[in-house]
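Per the working numbering, the sequence shown starts with residue 102, numbered consecutively.
The structure appears right after this line, and notes come after that.
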Amino acid sequence: MKFSFLIIGIFLGGIITFFGYYTWSKQIQNSTISSEKSAEKKPLYWVAPMDANYKRDKPGKSPMGMDLIPFYGNQGSGPDEGAGTIKISSAVINNLGVRTSLVEFKTLHSRIDTVGYVNFDENYLIHIHPRVKGWIEKLYVKASGDPVKKGQALYEIYSPEMVNAQEELLLALDRKNPRLIKAAKNKLLSLQVPSSAIQEVEKTRKVKQTVTFYSPQDGIVDNLKIRQGFYVQPGTTIMSIGSLKKVWISAEVFERQASQIAIGTAVDMTLEYLPGTKWNGVVDYIYPTLDTKTRTIKVRVKFDNKDELLKPGMFAQVALHGKKSPKTLTILKEAVIRTGNSNRVVLALGEGKFKSINVEIGRYDEKYAQILSGLKEGERVVTSAQFLLDSESSKTSDFKRMETQKSEESKTIASMDSKPKDTLPKEWASATIIKIIAEDNKIKVKHSAIKNWKWPEMTMNFVVADSIDFTQFKENMSIDIEISKTKNNKYIISDIRPSSEKK
Numbered sequence: 102m103k104f105s106f107l108i109i110g111i112f113l114g115g116i117i118t119f120f121g122y123y124t125w126s127k128q129i130q131n132s133t134i135s136s137e138k139s140a141e142k143k144p145l146y147w148v149a150p151m152d153a154n155y156k157r158d159k160p161g162k163s164p165m166g167m168d169l170i171p172f173y174g175n176q177g178s179g180p181d182e183g184a185g186t187i188k189i190s191s192a193v194i195n196n197l198g199v200r201t202s203l204v205e206f207k208t209l210h211s212r213i214d215t216v217g218y219v220n221f222d223e224n225y226l227i228h229i230h231p232r233v234k235g236w237i238e239k240l241y242v243k244a245s246g247d248p249v250k251k252g253q254a255l256y257e258i259y260s261p262e263m264v265n266a267q268e269e270l271l272l273a274l275d276r277k278n279p280r281l282i283k284a285a286k287n288k289l290l291s292l293q294v295p296s297s298a299i300q301e302v303e304k305t306r307k308v309k310q311t312v313t314f315y316s317p318q319d320g321i322v323d324n325l326k327i328r329q330g331f332y333v334q335p336g337t338t339i340m341s342i343g344s345l346k347k348v349w350i351s352a353e354v355f356e357r358q359a360s361q362i363a364i365g366t367a368v369d370m371t372l373e374y375l376p377g378t379k380w381n382g383v384v385d386y387i388y389p390t391l392d393t394k395t396r397t398i399k400v401r402v403k404f405d406n407k408d409e410l411l412k413p414g415m416f417a418q419v420a421l422h423g424k425k426s427p428k429t430l431t432i433l434k435e436a437v438i439r440t441g442n443s444n445r446v447v448l449a450l451g452e453g454k455f456k457s458i459n460v461e462i463g464r465y466d467e468k469y470a471q472i473l474s475g476l477k478e479g480e481r482v483v484t485s486a487q488f489l490l491d492s493e494s495s496k497t498s499d500f501k502r503m504e505t506q507k508s509e510e511s512k513t514i515a516s517m518d519s520k521p522k523d524t525l526p527k528e529w530a531s532a533t534i535i536k537i538i539a540e541d542n543k544i545k546v547k548h549s550a551i552k553n554w555k556w557p558e559m560t561m562n563f564v565v566a567d568s569i570d571f572t573q574f575k576e577n578m579s580i581d582i583e584i585s586k587t588k589n590n591k592y593i594i595s596d597i598r599p600s601s602e603k604k
């Protein structure tokens, strides 16, 4: 008996378990179907494949006979930034190597890289000029660049004027007149005759036909303008002698960079012929005039040159470290797309969306560009492959602008269709369809003369109002058309009827 009750209990338990599981699974299935239906996206409208302006609230055919495509909008697909926004898949982003960086506040380091030239320190540069007319009898230095020592002979000159001045000294000595003697010596000194030569005339009581002139300092001969036998006169530049113990570096900065430079600005200098060697100094002087041809301002830097490694005329690379600015909004310099009229960056909107926008750029440093307007802190900009994205964004933006313009025209036409007919300037005319321009919602017709408007018979293109079924038009079709004038002084076909009807 107990065994039979056990069998019956097991049997009834199995039946209850089966029906309970079946009911539970059905509920889960119904719940899943319901959630799937609720999650299913619904189209916002249907649009023609070849004409983005042709939109309907239900499926159908386009004016060209193609099936309308459902448009789901931006439901759950991330931000929509309007015209110019493009979206690409993550695979394409990886293939393009798209990289982004943050827009953030940083301190710009104003480093100006420019060129410089080594020159003599003009404080130690001497020009040699004669004070008499005469001939160079002997030249002791032969070429520019020759080193000379202080007191070294440079040239000998024969000058009748100096011969006469020596004879005047001898006459004064013979007369033993101190006043005349002093006057004669002063005359020789004013002609730059060396004191040694005057003393020799006093001692020997003989006139020297040639007088030797000597170097006033140690240095290098530069700008040698004469050769032995040359005739010279006052004002002739014979040569220059410059010292190499100190040199000047003349560097140029553009007009727009001048405000970043001041006396005392740190300077680094390198030369190609001495790789690895760096000279450090400061700006010693800023020239007060601007070169109108190059639009640059010269700055001067002094360097000690004890080893005489720096030679006048050498070309140098100069880095000027300008004033540090307070923290400002910046992006990486490579993110900026420079054009003739504006500067642009490609904004990374997230979820594969990008948009090209205009920005106003301030100063640059070695790595960053200052943003004056157009971006906010925390936004991301594209730093690689941005030119391709900018091209696509600009193209999309242009299409959007075209679509906006067309849609505004369509709205005007639609609003005219909604107004009472008697409020529109309109006329009827007989017409023959010459061509159908479906992509612009236009037809080309040859219509009869319109007397009230003083129109002759002619062929024109007309926009067709949205209230008219565009698919009914055929080429060479004869119809009567109602032509209405819009507020913008444009003409549209606002109504049609078969040509057999009487006006």
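For every residue, glycine included, the Cβ atom is placed at its ideal position computed from N, Cα and C.
Here the structure is a predicted model, which means the values were calculated and not measured.
CB residue i to CB residue j, shorter than 8 Å?
i: residue 199; j: residue 479; result: no
i: residue 201; j: residue 454; result: no
i: residue 316; j: residue 250; result: yes
i: residue 574; j: residue 543; result: no
i: residue 484; j: residue 209; result: no
i: residue 551; j: residue 566; result: no
i: residue 264; j: residue 308; result: yes
i: residue 553; j: residue 528; result: yes
i: residue 352; j: residue 419; result: yes
i: residue 539; j: residue 580; result: no
i: residue 461; j: residue 475; result: yes
i: residue 423; j: residue 211; result: yes
i: residue 547; j: residue 576; result: no
i: residue 398; j: residue 354; result: yes
i: residue 238; j: residue 257; result: yes
i: residue 157; j: residue 145; result: no
i: residue 491; j: residue 447; result: yes
i: residue 219; j: residue 348; result: yes
i: residue 313; j: residue 254; result: yes
i: residue 588; j: residue 526; result: no
i: residue 421; j: residue 468; result: no
Among all the DSSP beta bridges, which residues are the ones paired with residue i?
i: residue 322; result: 342
i: residue 613; result: Residue 613 is absent from the model: the chain starts at 102 and stops at 604.
i: residue 353; result: 399
i: residue 381; result: 369
i: residue 386; result: 401
i: residue 533; result: 547 and 579
i: residue 214; result: 420
i: residue 235; result: 333
i: residue 470; result: 432 and 465
i: residue 53; result: Outside the shown range of the chain, which is 102 to 604, sits residue 53, and nothing can be said about it.
i: residue 480; result: None, per the DSSP bridge assignment.
Which term fits residue i, buried or exposed, when burial requires 16 or more other beta carbons within 10 angstroms of its beta carbon?
i: residue 163; result: buried
i: residue 134; result: Reliability fails at residue 134, whose pLDDT of 43 lies under 50, so the model's placement of it is uncertain and the value that follows must be treated cautiously. Counting Cβ neighbours within 10 Å, residue 134 comes out exposed, since fewer than 16 surround it.
i: residue 431; result: buried
i: residue 598; result: exposed
i: residue 297; result: exposed
i: residue 340; result: buried
i: residue 285; result: buried
i: residue 594; result: buried
i: residue 417; result: buried
i: residue 404; result: buried
i: residue 602; result: No answer about residue 602 holds up, because its pLDDT of 49 lies below 50 and its placement is not dependable.
i: residue 568; result: exposed
i: residue 590; result: exposed
i: residue 206; result: exposed
i: residue 360; result: exposed
i: residue 367; result: exposed
i: residue 125; result: Because the pLDDT at residue 125 is just 39, under 50, the model does not fix this residue reliably, and the point stays unresolved.
i: residue 559; result: exposed
i: residue 503; result: At residue 503 the pLDDT is 39, less than 50, meaning the model places this residue with poor confidence; the figure from the coordinates comes in the next sentence. When all chains shown are included, residue 503 counts as exposed.
i: residue 477; result: exposed
i: residue 445; result: buried
i: residue 600; result: exposed
Counting only beta-carbon separations shorter than 8 Å, does residue i have a partner in chain C?
i: residue 403; result: In summary, chain C is missing from the structure at hand, where a single protein chain is found.
> Counting only runs that start and end within the stretch 546-597, where is the beta strand (DSSP E) found for 3 or more residues in a row?
Replying inline: 559-565 and 579-586
>> Could you check whether the stretch 282-289 touches the stretch 316-335, counting it as contact only if at least three pairs of C-beta atoms, one from each stretch, sit closer than 8 Å?
In response: no
>> Going residue by residue through the stretch 241-286, where are the continuous beta strand (DSSP E) segments of at least 3 residues, counting only ones entirely within it?
In response: 254-259
> Is it a yes or a no for the stretch 227-245 touching the stretch 426-440, going by three-plus beta-carbon pairs under 8 Å?
Replying inline: no
> In chain order, which alpha helix (DSSP H) runs of at least 4 residues are fully inside the stretch 427-463?
Replying inline: none
> Touching or not, the stretch 367-379 and the stretch 220-227, by the rule of three or more beta carbon pairs under 8 Å?
Replying inline: no
>> I'd like to know if the stretch 327-337 and the stretch 385-395 are in contact, where contact means that at least 3 CB-CB pairs between them fall below 8 Å.
In response: no
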